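Asks: Supplied in structure tokens, the structure appears directly below.
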Ligand SMILES: [Zn+2]
Ligand SMILES: [Zn+2]
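Residue numbers (the working numbering): 107 to 248.
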């Protein structure tokens, strides 16, 4: 799998480094995690990688489009390596769990605005809010 990440980095003209590979691997295995979790995951496998290095890598990968930063209202920013497919997220109001939801009609930008006010729309950000199965179960059994 590492070679896939190397190819991804080269495709956006980023140098292949151990911290960058580690962050991409962490996000592949753990989508929708916050910065602190990324740091913990990376440092578990690579103790010499500093916290600041992870911050820098997240910023570089996000700027390059290899990582997507998502920030639902009132939640901390999360990161994921699934990019470019215009997918959406369902967020639990109780515990903040996030899951992927495929594009509403299968083609970006998903929603044709009733009135686009003359803007050229290329993306529709959709967040579904609700209660995840775990929290629903906890609520019922209370
Ligand atoms: Zn929940
Ligand atoms: Zn996602």
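Using N, Cα and C, we set each Cβ at its ideal position, and we do this for glycine too.
Since the structure is predicted, the reported quantities are computational estimates derived from the model, not experimental observations.
So for residue 231, helix, strand or coil by DSSP?
Replies: Working through the chain shown from its first residue, we reach residue 231 at position 125. Collapsing the DSSP output to three states places residue 231 in coil.
Asks: For residue 149, name the three-state secondary structure that DSSP assigns.
Replies: For the purposes of this step, residue 149 is taken as residue 43 along the chain shown, with counting starting at 1. Here residue 149 sits in helix by DSSP.
Asks: Answer with buried or exposed for residue 246, where buried requires no fewer than 16 other C-beta atoms within 10 angstroms of its C-beta.
Replies: Mapped onto the chain shown, residue 246 falls at position 140. Looking at its Cβ environment, which holds fewer than 16 other Cβ atoms inside 10 Å, residue 246 is exposed.
Asks: Kindly provide the chain-ordered list of residues whose Cβ lies closer than 5 Å to any non-hydrogen atom of ligand 1.
Replies: 198, 200, 201, 203, 238, 241
Asks: Taking 7 Å as the cut-off, is the C-beta of residue 149 nearer than that to any heavy atom in ligand 2?
Replies: Looking up residue 149 in the chain shown gives position 43. Not under cutoff, so the answer is no.
Asks: Can you grab the Cα-Cα spacing for the pair residue 207 / residue 178, in whole Å?
Replies: As a position in the chain shown, residue 207 is number 101, starting the count at 1. As a position in the chain shown, residue 178 is number 72, starting the count at 1. C-alpha separation (whole angstroms): 14 Å.
Asks: Do the segment 187 to 204 and the segment 142 to 150 touch if we need at least three Cβ pairs shorter than 8 Å?
Replies: no
Asks: Evaluate contact between the segment 152 to 165 and the segment 110 to 117, counting only Cβ atoms and requiring at least three cross-stretch pairs below 8 Å.
Replies: no
Asks: Just verifying my parser: in three-state terms, what is the DSSP assignment at residue 222?
Replies: Counting from 1 along the chain shown, the entry for residue 222 is found at position 116. Coil at residue 222, not helix or strand.
Asks: Less than 8 Å separating the beta-carbons of residue 129 and residue 171?
Replies: In the chain shown, the residue the question calls residue 129 occupies position 23. In the chain shown, the residue the question calls residue 171 occupies position 65. In this structure, residue 171 does not lie closer than 8 Å to residue 129 by Cβ.
Asks: Kindly give me the distance between the Cβ atoms of residue 187 and residue 121, rounded to whole angstroms, as I take these residues to be in contact under 8 Å.
Replies: As a position in the chain shown, residue 187 is number 81, starting the count at 1. As a position in the chain shown, residue 121 is number 15, starting the count at 1. Residue 187 to residue 121, Cβ: 18 Å. No contact.
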